[in-house]
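As structure tokens, the structure follows; a few thoughts come after it.
Protein chains: 2
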Amino acid sequence: MINYPNKKKVNISSTNSNISRGMNLEKDLNDSNTFYKSINRALIYKKPTPIQVVKVDYPSRKHAKISEAYYQIPSTTDYNGIYKGKYIDFEAKETKSKTLFTFQNIHDHQIKHLLSVIEHGGIAFIIIRFSSFNETYVLDAKQVIDAYYTSEKKSLSYKEIKSIAHLVTEGFTPRLKYLDIIDRLYF
Amino acid sequence: MINYPNKKKVNISSTNSNISRGMNLEKDLNDSNTFYKSINRALIYKKPTPIQVVKVDYPSRKHAKISEAYYQIPSTTDYNGIYKGKYIDFEAKETKSKTLFTFQNIHDHQIKHLLSVIEHGGIAFIIIRFSSFNETYVLDAKQVIDAYYTSEKKSLSYKEIKSIAHLVTEGFTPRLKYLDIIDRLYF
Numbered sequence: 009m010i011n012y013p014n015k016k017k018v019n020i021s022s023t024n025s026n027i028s029r030g031m032n033l034e035k036d037l038n039d040s041n042t043f044y045k046s047i048n049r050a051l052i053y054k055k056p057t058p059i060q061v062v063k064v065d066y067p068s069r070k071h072a073k074i075s076e077a078y079y080q081i082p083s084t085t086d087y088n089g090i091y092k093g094k095y096i097d098f099e100a101k102e103t104k105s106k107t108l109f110t111f112q113n114i115h116d117h118q119i120k121h122l123l124s125v126i127e128h129g130g131i132a133f134i135i136i137r138f139s140s141f142n143e144t145y146v147l148d149a150k151q152v153i154d155a156y157y158t159s160e161k162k163s164l165s166y167k168e169i170k171s172i173a174h175l176v177t178e179g180f181t182p183r184l185k186y187l188d189i190i191d192r193l194y195f
Numbered sequence: 009m010i011n012y013p014n015k016k017k018v019n020i021s022s023t024n025s026n027i028s029r030g031m032n033l034e035k036d037l038n039d040s041n042t043f044y045k046s047i048n049r050a051l052i053y054k055k056p057t058p059i060q061v062v063k064v065d066y067p068s069r070k071h072a073k074i075s076e077a078y079y080q081i082p083s084t085t086d087y088n089g090i091y092k093g094k095y096i097d098f099e100a101k102e103t104k105s106k107t108l109f110t111f112q113n114i115h116d117h118q119i120k121h122l123l124s125v126i127e128h129g130g131i132a133f134i135i136i137r138f139s140s141f142n143e144t145y146v147l148d149a150k151q152v153i154d155a156y157y158t159s160e161k162k163s164l165s166y167k168e169i170k171s172i173a174h175l176v177t178e179g180f181t182p183r184l185k186y187l188d189i190i191d192r193l194y195f
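Protein sequence lines, in the order shown, are assigned to chains A and B.
Take the first sequence: its letters are residues 9 to 195, numbered as in the working numbering.
Take the second sequence: its letters are residues 9 to 195, numbered as in the working numbering.
Structural data, given as structure tokens:
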């Protein structure tokens, strides 16, 4: 098979800096959720990335190999689960910026989904990491939704986030003690 | 590229009868959940199928084409969400059998997941469709878990399910009125 010059084969996690950055927060959250699950504190999972499968090969009877598929835009948020009997739902975002968190990476239907969660009596928030400062914040969904619909600059500044969001304490187990903030904010 | 005789390319949804059968219940549930969401009754989604991506091509700057990927075993159940402020979680299974629902297709960690949901105060159940009779049942997760760990035949008979589960009324909107049963069982 010929590799055309414009058909580069790349390993997504090692070459795409946006995705690999996102993966750090994702990995920290997954590790934290695994820990929270192991001590029976909460049951929170990341939803799989939605992928549209177009073609499947069967190299053998038992094995299905997907040979053509495409990433889809998620219809909801990345994480949900149950904590202290309550439905919990959040999106996690990482930015390299030292000044801004822009709403570019949040889809409109994700904002609507977070609003629906609140209306149905669930707990909804966003976890934002400023990777340049290695700081991770919990921001109540209501404040994100408000800013999303009212902010003309379609962003929240680092300063604003520092004043309205809650800095997550980091440690070893769990990596991100974000449920301590959820306790303070919602229980 | 040569198509080797054992490398058949098939469209999974049209040729694999197991999967296409499963897709009917899945489609009915997705339609029902879309309807429930539209009338603000509940917020319930199917989680995407977990897929391990091995290789991604970039035919153009903006487009990522997954060229090698594999289906993974789900670590949780297929559906979750929020209903009347409560966390709700379930697995949906379809069988052609006229006599039995076997536990073969339920993974051990899915049973453990349903048990965890109950322990954390959530609502957990299984939806089972006997496609030969076109009958769909809601079965409380506790009864499935009990049978899973105690039944020597690793199955529930159609008769047993008829006596312990709850037949879902079908209609147009929603296709499956399964939340009416959830109301009776858990609220």
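Built from N, CA and C at the ideal position, the CB exists for glycine as well.
- Within the region 116 to 145 of chain A, the complete alpha helix (DSSP H) segments of 4 residues or longer fall at 116 to 127, listed in chain order.
- Straight-line measurement puts the Cα of residue 182 (chain B) at about 29 Å from the Cα of residue 128 (chain B).
- Nearest to residue 73 (chain B) by alpha-carbon distance, out of A:83, A:134, A:62 and A:67, is A:62.
- In the three-state reduction of the DSSP assignment, residue 165 (chain B) falls in the strand class, which pools E and B.
- Within chain A, 72 and 74 have C-beta atoms less than 8 Å from the C-beta of residue 79 (chain B), given in sequence order.
- Residue 62 (chain A) sits in a strand when the DSSP states are folded into three classes.
- For residue 88 (chain B), the residues of chain A that pass the 7 Å Cβ criterion are 88, in the order they occur in the chain.
- Under the 9 Å criterion on CB atoms, residue 58 (chain B) is classed as interfacial with respect to chain A.
- In the three-state reduction of the DSSP assignment, residue 34 (chain B) falls in the helix class, which pools H, G and I.
- Residue range 186 to 194 is occupied by the alpha helix (DSSP H) that includes residue 188 (chain A).
- Taking a cut-off of 8 Å for Cβ pairs, the region 31 to 45 of chain A and the region 173 to 192 of chain A touch, as three or more such pairs fall below it.
- Residue 159 (chain B) sits exposed, since fewer than 16 C-beta atoms from the chains shown fall within 10 Å of its C-beta.
- For residue 88 (chain A), the three-state secondary structure derived from DSSP is strand.
- Assignment of beta-bridge partners to residue 102 (chain A) by DSSP yields A:137.
- Bridge pairing for residue 174 (chain B): B:146 [DSSP].
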